[in-house]
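Data block below; observations after.
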Amino acid sequence: MLNNEQLLRYSSNLLMKEIGEVGQQRLLKSHVLIIGLGGLGCPASQYLASSGVGQITLVDHDTISLSNLQRQTLYSSDDIGLSKARQAGHSLSQLNPDIRITALEEQACEDNLDALIKQADLVLDCTDNRETRYLINHSCYRLNTPLVSAAARGFNGQIIALNPEHSHGCYQCLYPDNVNEPLNCSNAGIAGPVVGIMGASQALQAINYFTGHELNWGYLQTFNGLSQNWQQLSLPRTASCPVCGGKNARSS
Ligand SMILES: [Zn+2]
Numbered sequence: 001m002l003n004n005e006q007l008l009r010y011s012s013n014l015l016m017k018e019i020g021e022v023g024q025q026r027l028l029k030s031h032v033l034i035i036g037l038g039g040l041g042c043p044a045s046q047y048l049a050s051s052g053v054g055q056i057t058l059v060d061h062d063t064i065s066l067s068n069l070q071r072q073t074l075y076s077s078d079d080i081g082l083s084k085a086r087q088a089g090h091s092l093s094q095l096n097p098d099i100r101i102t103a104l105e106e107q108a109c110e111d112n113l114d115a116l117i118k119q120a121d122l123v124l125d126c127t128d129n130r131e132t133r134y135l136i137n138h139s140c141y142r143l144n145t146p147l148v149s150a151a152a153r154g155f156n157g158q159i160i161a162l163n164p165e166h167s168h169g170c171y172q173c174l175y176p177d178n179v180n181e182p183l184n185c186s187n188a189g190i191a192g193p194v195v196g197i198m199g200a201s202q203a204l205q206a207i208n209y210f211t212g213h214e215l216n217w218g219y220l221q222t223f224n225g226l227s228q229n230w231q232q233l234s235l236p237r238t239a240s241c242p243v244c245g246g247k248n249a250r251s252s
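Start counting the sequence shown at 1; every next residue gets the next number (UniProt numbering).
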């Protein structure tokens, strides 16, 4: 049963038949792991906290810098030099004291990812480097945990929802060559609202998942912020993929 304050706080969710009281209860019982509290993780965590996702774990080892403020909406000029995870945790707890936030000032790596992912119902990859993305993908597949991964650069964004139980490809199938991206936000530039749209999209997919709506698993959705166009491409499983094992791979 929702208490009186929850009935008011979540009233906009409760009014929709797509969420309603049953969906809100599900959100409150859900645990999301958000890795990376930059341009993607800020809006994603804000919408999930305000929507009443009951447990949110935040992971980021980085500190806030002046150049982050163009797009990282949880931070202010007074926060420069402080921990992103801690500041994000503080802001989100103020936004919604009804939920549990765990803020971890650590880098997601091989040593901690399995333990973190094991506790979560869904993982949002909001990181900005490909090496960590490979590790998150691998760990999610090992532990059978669904993952929503997004990225943005310049005026372009992309997002994909991956479910190890389905027969589509994984992040390693999408980028089989283990090389770091030559360009990232710090050296290629990024339009703030584009990364915001991708982070909000990750939050929306998480809400849909937690409330029992099917996601577009295994479809890479790309967004062009200049033409305002979304496109969708299916990601087939690669037979030789070392992560998703090539099970159910399409013959090629
Ligand atoms: Zn794969």
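By construction, the Cβ of each residue, glycine as well, lies at the ideal position given by its N, Cα and C atoms.
Sequence-distant residues of the same chain with beta carbon closer than 7 Å to residue i, five excluded per side
i           : result
residue 70  : 192
residue 91  : 74
residue 112 : 106
residue 133 : 125, 127, 149 and 171
residue 120 : 31, 32, 33, 57 and 145
Continuous beta strand (DSSP E) stretch holding residue i: start and end
i           : result
residue 4   : No beta strand (DSSP E) holds residue 4; the alpha helix (DSSP H) holding it covers 4-9.
residue 32  : 31-35
residue 103 : 100-104
residue 59  : 55-59
Own chain partners of residue i with C-beta closer than 6 Å, once the 5 adjacent residues on each side are dropped
i           : result
residue 59  : 35, 104 and 108
residue 234 : 219
residue 124 : 34, 44, 148 and 202
residue 164 : 141 and 144
residue 146 : 122 and 163
residue 114 : 139
residue 160 : 149 and 220
residue 72  : 38, 39 and 42
residue 19  : 13 and 211
Reduced DSSP category for residue i - H, G, I as helix; E, B as strand; rest coil
i           : result
residue 243 : coil
residue 251 : With a pLDDT of only 47 at residue 251, under 50, the local geometry of the prediction cannot be trusted, and no value is derived from it.
residue 208 : helix
residue 87  : helix
residue 13  : helix
residue 47  : helix
residue 236 : strand
residue 190 : strand
residue 220 : strand
residue 228 : coil
residue 39  : coil
Boundaries (first-last residue) of the alpha helix (DSSP H) holding residue i
i           : result
residue 68  : Premise fails: residue 68 is in no alpha helix (DSSP H) and is neither H nor E.
residue 28  : 20-28
residue 172 : 171-174
CB contact flag (residue i, residue j, <9 Å)
i           : j           : result
residue 237 : residue 170 : yes
residue 39  : residue 68  : yes
residue 63  : residue 32  : no
residue 14  : residue 28  : no
residue 207 : residue 47  : yes
residue 98  : residue 21  : no
residue 189 : residue 212 : no
Cβ neighbours of residue i in the same chain (closer than 8 Å, five flanking residues each side left out)
i           : result
residue 158 : 150, 151, 152, 198, 220, 221, 222 and 223
residue 102 : 55, 56, 57, 58 and 89
residue 229 : 223
residue 246 : 237, 238, 239 and 240
residue 204 : 47
Residue i beta carbon near ligand 3 (any heavy atom closer than 8 Å)
i           : result
residue 195 : This structure does not include ligand 3; its bound ligands are ligand 1.
task = Pick out the complete beta strand (DSSP E) segments inside the stretch 106-163, 3 residues or longer, and give them in chain order.
result = 122-125, 147-153 and 156-162
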